[in-house]
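Working notes for the structure below.
4 protein chains.
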Amino acid sequence: MGLRSKQQFLHDLIDDREVYYRGERVTSVTDHADLGIAVQHAAIDFELAEDPATRELAVYKEGDEEYSAYYRVPRSASDLRLRSKLIEAGTAKGATLVILIKEIGTDAIFAMMRVLSRGKSAEGLERLHAFYTECREKDLALAVAQTDVKGDRSKRPSEQSDPDMYVRVVSTRADGIVVRGAKVHTSCTPYVDRILVLPSRSMLAGDVAYSVAFAVSPATPGVKMYASDFLHGGHPFTEPISSKHKMIETLTVFDDVFVPWDQVFFHDRPDLAGAVALTFVEYHRFTAVSYKLPLLDALIGSAIAIAKANGIDRASHVRDKLTWLGGYVETVRGLIELAAQRGEIESGIAYPHVFTTNLAKWTFARDFHRAIEVVQDIAGGLLVTGPSGADWDSAEIRPVLEKYFAGAWPANKRLALMNLISELTSRLYGGYQAVLAIHAEGSVEAEKMAMFRSYNAKPALEYALQLAGVADIDPAA
Amino acid sequence: MGLRSKQQFLHDLIDDREVYYRGERVTSVTDHADLGIAVQHAAIDFELAEDPATRELAVYKEGDEEYSAYYRVPRSASDLRLRSKLIEAGTAKGATLVILIKEIGTDAIFAMMRVLSRGKSAEGLERLHAFYTECREKDLALAVAQTDVKGDRSKRPSEQSDPDMYVRVVSTRADGIVVRGAKVHTSCTPYVDRILVLPSRSMLAGDVAYSVAFAVSPATPGVKMYASDFLHGGHPFTEPISSKHKMIETLTVFDDVFVPWDQVFFHDRPDLAGAVALTFVEYHRFTAVSYKLPLLDALIGSAIAIAKANGIDRASHVRDKLTWLGGYVETVRGLIELAAQRGEIESGIAYPHVFTTNLAKWTFARDFHRAIEVVQDIAGGLLVTGPSGADWDSAEIRPVLEKYFAGAWPANKRLALMNLISELTSRLYGGYQAVLAIHAEGSVEAEKMAMFRSYNAKPALEYALQLAGVADIDPAA
Amino acid sequence: MGLRSKQQFLHDLIDDREVYYRGERVTSVTDHADLGIAVQHAAIDFELAEDPATRELAVYKEGDEEYSAYYRVPRSASDLRLRSKLIEAGTAKGATLVILIKEIGTDAIFAMMRVLSRGKSAEGLERLHAFYTECREKDLALAVAQTDVKGDRSKRPSEQSDPDMYVRVVSTRADGIVVRGAKVHTSCTPYVDRILVLPSRSMLAGDVAYSVAFAVSPATPGVKMYASDFLHGGHPFTEPISSKHKMIETLTVFDDVFVPWDQVFFHDRPDLAGAVALTFVEYHRFTAVSYKLPLLDALIGSAIAIAKANGIDRASHVRDKLTWLGGYVETVRGLIELAAQRGEIESGIAYPHVFTTNLAKWTFARDFHRAIEVVQDIAGGLLVTGPSGADWDSAEIRPVLEKYFAGAWPANKRLALMNLISELTSRLYGGYQAVLAIHAEGSVEAEKMAMFRSYNAKPALEYALQLAGVADIDPAA
Amino acid sequence: MGLRSKQQFLHDLIDDREVYYRGERVTSVTDHADLGIAVQHAAIDFELAEDPATRELAVYKEGDEEYSAYYRVPRSASDLRLRSKLIEAGTAKGATLVILIKEIGTDAIFAMMRVLSRGKSAEGLERLHAFYTECREKDLALAVAQTDVKGDRSKRPSEQSDPDMYVRVVSTRADGIVVRGAKVHTSCTPYVDRILVLPSRSMLAGDVAYSVAFAVSPATPGVKMYASDFLHGGHPFTEPISSKHKMIETLTVFDDVFVPWDQVFFHDRPDLAGAVALTFVEYHRFTAVSYKLPLLDALIGSAIAIAKANGIDRASHVRDKLTWLGGYVETVRGLIELAAQRGEIESGIAYPHVFTTNLAKWTFARDFHRAIEVVQDIAGGLLVTGPSGADWDSAEIRPVLEKYFAGAWPANKRLALMNLISELTSRLYGGYQAVLAIHAEGSVEAEKMAMFRSYNAKPALEYALQLAGVADIDPAA
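Residue numbers (the working numbering), protein chains in the order written: chain P, 166 to 642; chain G, 166 to 642; chain S, 166 to 642; chain C, 166 to 642.
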């Protein structure tokens, strides 16, 4: 108890969960040609706890109990730093793709712990603690379904022509609630043990039925998962990452799903919805920047390597671009390090510094496409005109490619790097990461709003008023 | 004579050309599942001349002769403008993908006409005119093979450890020359009638064997084409463009290919190599910006549409982004219009204004990735988490998608736009266009060098010296 | 009649106008140490008409009548182009500082002509024509007072706690109106013959008293001008421009000023206020970009010269920066050229293409500070640590400066360029131009709004809908 | 001993130092109308040690000895942090202008200590320690003269046509050396106790005479200081900072100056020149970013205040700009905090993390002009068209200004803020800071080179090679 093996994880996924992929119901996610790759990727979580190189980071020992360090409630800035390092290490092992079967779930748990600890719902807090303890002790994998499908974005939940555009409580029973609606962009849903469902925004009094947070098993009747096929397929030559590493997002439909009371953390509470939504995102952006670091390292590392392979590493414009890239990557890394260090405590739970976390995320997001551009620039047009995996596998063709695609490094090295860069920047995986850079964990605009709200303007404002000799004005008036 | 039908074009492609794709020799490019799509796309060229809507633009009447307007030698700024309009119209019909089976070939011919008209090679000019006349009268499709594989980029052609890293003359015979080497990024090679081969850079005295320009038929013995598979596959739901429109690039190998004298425009002429390489690119960048316009229109058009479909078109940040996008697109359009208007004449042949053309291309290239980012930002994360074509085709699943993916517009419209944007920005086609934005028709750095060289600094420099009261200095001293 | 001499212009400025400068009433603007420089600068307008080099551009011959070409009503794209050239030539003669005593006034007249020609006020149109004819025949100098002081920007005119925050009609008499309020940023007011007063924004029904446009002489009782001293002083060594060229802005107060009916173009017309305000700005932004060109040429020209003078013109980063600068300058120039070419006609009056004009202005404005940065970067720290004019004038000190400030060019040339650049970028004149870049002729935000409103989205939107296969939707619905 | 009073500092400046200003020899720097302001500003250094609010930061107690904390040799990351805080506090007291009479001098001393501790010059190290001890014990003020006048930048010191373009040893005597040449941009020279002279670049064997470092008193015969007048004058209304705070830079000429051996730290040592030049700059950039923070706070603070004063603080574009500004300011602050934390030790002396320090400086420098632009944008055109100090002082005019320049805040507050912003961004002080942002402490290009050299590429490069499956290549080969 406390740590599951990879085998147990895979075994526990076999149940009646209703997953659809490419038009068909999936009978077994672990055995499925495409989804199975995603499952194997998720299982890296359990390898981390077994691998001696990462075990210390991945396993937490509290008294006699050992459990997954993802479940360690952060109590200090140092705990936040260790959590960040763990997430980075897991993603590095995942070849730049985050694992995400515990990171996001614990983000949600810690966020709800903080909000519910403010004395607004003793019962909810108790249920949450029980849920947390179960997850930790059983070493469960969790998905978080937050983003509602939202319908017309210019309207509030209760104003939509179809009332199911946000997940809502359709009826209350003695033993629990019945929910309906759908969430999008839910990562890893087909291969986790529990789905945590949170509101995606602040709610007004009129949106009371939409103010609900709960957990369900994916095998619960009425839960239906429609999986995206964005990253399907791939040859190891041209898709060195995504042929082995995938993450699956679903449209997660709640078709009048019954949730017993002990899995309901709150309902009919517009006063809690926004706080939980925002607090979750504060943790989750810290997670996000932590897991972006291997991707950024892969970009700059492959740019340096291909510059050498092409023989252009001494060109002044190449050095200039690599310098910019290094500045970009290290600013993101430095800021997330600071966000942990500046972490603060509420109800005994540490949280990353809100402004600095959002600053880190915004810094990452606003220049990611430029980073892509710079790496493509250094690599060359071969990113999209290079040979196929079948060409490379052909004994007749390969010698031609080896001769003509040699640069300052041999063709096999150069093409391997070119294909890595092509995946990171111009194939489906690159497109996936680019869209995630802008939209995952809240949009760039949301990050900017969070920065605006959390910026501590007082010292600078007072200093300016003093310099202008008008310190006697009350800026809030 | 002068205009071929689409059927003739397809028929004429059937010969012994040696094309390899995905590890195998292709028996018929027109019938091939993937390559056949590219052939059909290329055939749009011939539809332009048949379609009443485009016929006036696509067919030029000179006396009694009617021929493809691509072959019209530009004599004035107005001719350049018409040529630009034709290229734009062809690409719009190609759903943002350029046709390119005559555009690039005539760019090369016009460039060589200008350079050879400087009195440096009467014989070469004569052969070129004969070649041009044949192409025009037979309405031939042309590829241009310019970019050498280049090996170690820090070394000149004659310094490479393998002398075949640039295409070169290996021997001279009484009836012609024998060439060896390979070109990359050659577009459309498998489905044209002639391949024009040009040097890719300026040459020094030591690089004499590499200073050669000639034409061959793709069916010539020793010519081997290894096709990239970058844009293979695709479902019409998720790949509305590339499931119907493709362009194929090849590694084009010259394995001791014999070229008779009448197809050799020059050889052993380092003095001509650089001039032809540069002059070709001047024309070709003008072509390039002309054919980028439909892509840019598709980006801004789809961004406006998805903003409405999502219900966010009144958000101030969305308006701000659309305004930037409109400014970007229209600056590119305006500058290429100016480049034609400012066109100048040499030896009776008009050429687009060099600085303005490069300015237009650079303006396009340096903000293309930001444009992608902006469109993705407005569209949303559904770009990479949306349903597959098979889901949409499923009678069971589609109603769920229709319910939950509705926005301010119905789900079918919204998803169609989302998939269009996904193709343009985050799927393979988007990655292809992004890399082309930086590398096709010369890199961004090459464009900047061309701008630096062609900028007319005199008026500004003299004005500044006069303002500073130091007009008596000779700035060149 | 039709053309005044410079002497007449200066003579006609002698009257009772109430001008304040540095805390004191100015007795004669022409004789004043600081304001006199601005008057001499304004007089360049009349020199243009006398100078053989510019006479053709500056004087228009219509039948037997000769008049200042600024007063030529544009009837075609070609007229707009000539107007742009004239404004550029005047500013070039003004050493990068616009003359502005006819440019802005005719912008206002042409704008009102267009709006009033829409059949909304026959009487107003008649008065305007009479006013225009008088100005043209007497060759008058005009200021335009448009920007109200505005008070609290979050409130409309009629919502302000002090009703005088926008110029308003306080009473109507049989012979005219009485106006009160103040305008800011009024250029050249102290040394013109007439002040044209326009509304600065659109008005609602409640703002009726603020919906007024009229003309007054600066000597009218109650008109008081409080001149800014931003550009005072300067030594010819360190301020080669502003020691000889100035423009004065005033706070222009209307202290219950009576305006006879024949000088009132409209009043109590909220329906006209916004149209006139916007249409004026459309003309004025075209004027603005035209007069920015000499400033941009001075920046790039001095950057090229100082790079040579410093001996760094072959450094790759310097070339890169100069290339960017050239691209910036020539994009602005190209777009304003296009804005004229694309000019359209209303009621027989040509107006520059609205989107392209705003695009040009926005392009200028959004990168101006970066241009400043680039030029400072190339010039060096000497911009702010160099010797004073008195040092240079000292026979003892100058030899030391000549020895130690020599670069690749002699010290006198290098320091002259350094001082020119310092004035353009880091002294008061540079600060003045930088603020003007953002705020003059409407803010950058106003330009973006104009771009958003005038962008013709239809072709791009239709193309995108067609590519997505959803051309059947009505995007306006 | 150990701490001087402000009075002592002022008293000790009275000697025969040869200072020239505005064409004339200055008889007393402390009594001079313009230079006296700079002296008073410098004296803030001594007020810091007296003021109870800053005394703890400004005075270091080592055993029984108390001395200025600037002289504390940093031994740990924590010491670096305290040093940064001290520099920030001093500059805040200096109203955004750094004090710089000990900061830069100790940067130079610590840098030479590190380099000379590498065992290359026991004698030099001993002299340096003696010099350091004297400075600390006498609480001396120091200038650092590093930047040579450099002549033609494309040539090395020994290649210049005039051999005095870099400071050099012209003869060696038994008791010392004689030096000739000139340094520029030397801050505070006229009012310090010692001038430290360092090489400005790496030297080759041929540049041996230029490889010299020493100290002199400003009163030494042959030392001549030609002061810039960039920040002269100013009214407290329109120049709230520079009317009270100035810094003076000089051209510092060494006209065959004799330096005794005990003040010579090394000479004829090309092997030390580059190391000292670079190491000094590493410390000095850390100092620089520390002292930029009050300036950045003043910019964002005044932008927030003026947005409120204008009544536009709720406009979405204003919030967007303030958010960007906050992100910029806090990234700089965060990175310099990290640079201290990541500090490393050499020979017992702590130094700030080189890459992070340069990253902080580059981040500051590359967006400073944009920050200026944003603040000007929010403030408005009144920055350059506002009333003069004399207007404000006039009892007749002030009521008019009070009425018409009121915004959401009263006119006196609003104009005070406007003038503060005008000084920071568009008057001479703003121009001075803008040029310093690019050029002080080495140019932006120099910072980029330092980043490129100090970036630890190994982890990212190895990760990329591993992802590409080519970890067996040696990237250095």
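C-beta atoms are modelled at their ideal positions from N, C-alpha and C, and glycine is treated no differently.
Check: At 7 Å on the CB atoms, spell out the chain C contacts of G/Ser319, in chain order.; Outcome: Result: empty, since nearest Cβ-Cβ is about 14 Å, beyond 7 Å.
Check: Tell me the DSSP secondary structure of C/Phe529 in three-state form.; Outcome: helix
Check: In three-state terms, what does DSSP make of G/Tyr185?; Outcome: strand
Check: Does the beta carbon of P/Ser481 come closer than 8 Å to any beta carbon on chain S?; Outcome: yes
Check: Between which two residues does the alpha helix (DSSP H) holding P/Ala576 run?; Outcome: Ala576 to Thr590
Check: Quick one: which residues of the segment 455–482 of chain G get their C-beta closer than 9 Å to a C-beta of chain P? List them in chain order.; Outcome: Asn475, Gly476, Ile477, Asp478, Arg479, Ala480 and His482
Check: To the nearest angstrom, how far is it from the Cα of S/Met390 to the Cα of S/Glu268?; Outcome: 21 Å
Check: Locate the alpha helix (DSSP H) running through P/Leu566, then write down its first and last residues.; Outcome: Arg563 to Tyr569
Check: Among G/Thr417, G/Ser619 and G/Leu305, which residue has its Cα nearest to the Cα of G/Leu524?; Outcome: G/Ser619
Check: Less than 8 Å between the beta carbons of G/Leu487 and G/Ala470, yes or no?; Outcome: no
Check: Below 9 Å between beta carbons is the criterion; list the residues of the segment 351–381 of chain G that meet it against any residue of chain P, in chain order.; Outcome: Thr351 and Ser352
Check: Quick check for students: name the residue ranges of the beta strand (DSSP E) that lie wholly in the segment 177–222 of chain G, counting only runs of 3 or more.; Outcome: 183–186
Check: Quick one, which residues of the segment 530–561 of chain G are near chain P if we go by CB-CB under 7 Å, in chain order?; Outcome: His534, Arg535, Ile537, Glu538, Gln541, Asp542, Gly545, Gly546, Leu547, Leu548, Val549, Thr550, Gly551, Pro552, Ser553, Ala555, Asp556, Asp558 and Ser559
Check: Residues of chain P with CB closer than 8 Å to the CB of C/Asp485, please, in chain order.; Outcome: Lys613
Check: What three-state label does DSSP hand G/Lys348 in the structure shown?; Outcome: strand
Check: Could you give the distance in angstroms between the alpha-carbon of C/Leu593 and the alpha-carbon of S/Glu538?; Outcome: 15 Å
Check: Find out if the Cβ-Cβ distance for the pair C/Glu505, C/Ala242 is shorter than 8 Å.; Outcome: A small correction: the amino acid at residue 505 of chain C is Ala; Glu does not occupy that position in the sequence shown. Yes; because the gap between Cβ atoms is below 8 Å, this pair is in contact.
Check: What residues of chain S sit near C/Glu414, judged by a beta carbon separation below 7 Å?; Outcome: Thr550
Check: Which residues in the same chain have their Cβ closer than 6 Å to the Cβ of P/His197, if we skip the five residues on either side of it in sequence?; Outcome: Val191
Check: Which runs of the beta strand (DSSP E), 3 residues or longer, sit entirely within the segment 287–321 of chain P?; Outcome: 307–310
Check: My parser needs the beta strand (DSSP E) runs of 3 or more residues fully inside the segment 355–416 of chain S; what are they?; Outcome: 359–362, 378–381 and 388–392
Check: Can S/Ala306 and S/Asp358 be called in contact, C-beta distance under 8 Å?; Outcome: yes
Check: Within 8 Å of any Cβ in chain G, is that where the Cβ of S/Glu502 sits?; Outcome: yes
Check: Just checking, does the segment 260–267 of chain S make contact with the segment 207–222 of chain S on the three C-beta pairs under 8 Å criterion?; Outcome: yes
Check: Determine, using beta carbons only, whether S/Phe419 comes closer than 8 Å to chain C.; Outcome: no
Check: Between which residues of its own chain and P/Arg507 is the CB-CB distance below 6 Å, once the five residues before and five after are set aside?; Outcome: His518 and Thr521
Check: DSSP puts S/Lys226 in a beta bridge; with which residues?; Outcome: S/Glu231
Check: Give the DSSP bridge partners of C/Glu268, in chain order.; Outcome: In the DSSP output, where bridge partners are listed per residue, C/Glu268 has none listed.
Check: Would you say C/Glu509 faces chain S, with C-beta separation under 8 Å as the test?; Outcome: no
Check: Tell me, to the nearest whole angstrom, how far the beta carbon of G/Phe423 is from that of G/Val343; I am working on the premise that it is less than 8 Å.; Outcome: 5 Å
Check: Starting from C/Ser408, find everything on chain S with Cβ-Cβ shorter than 7 Å and list it in chain order.; Outcome: Per Cβ cutoff of 7 Å: no residues; C/Ser408 is ~15 Å from chain S at best.
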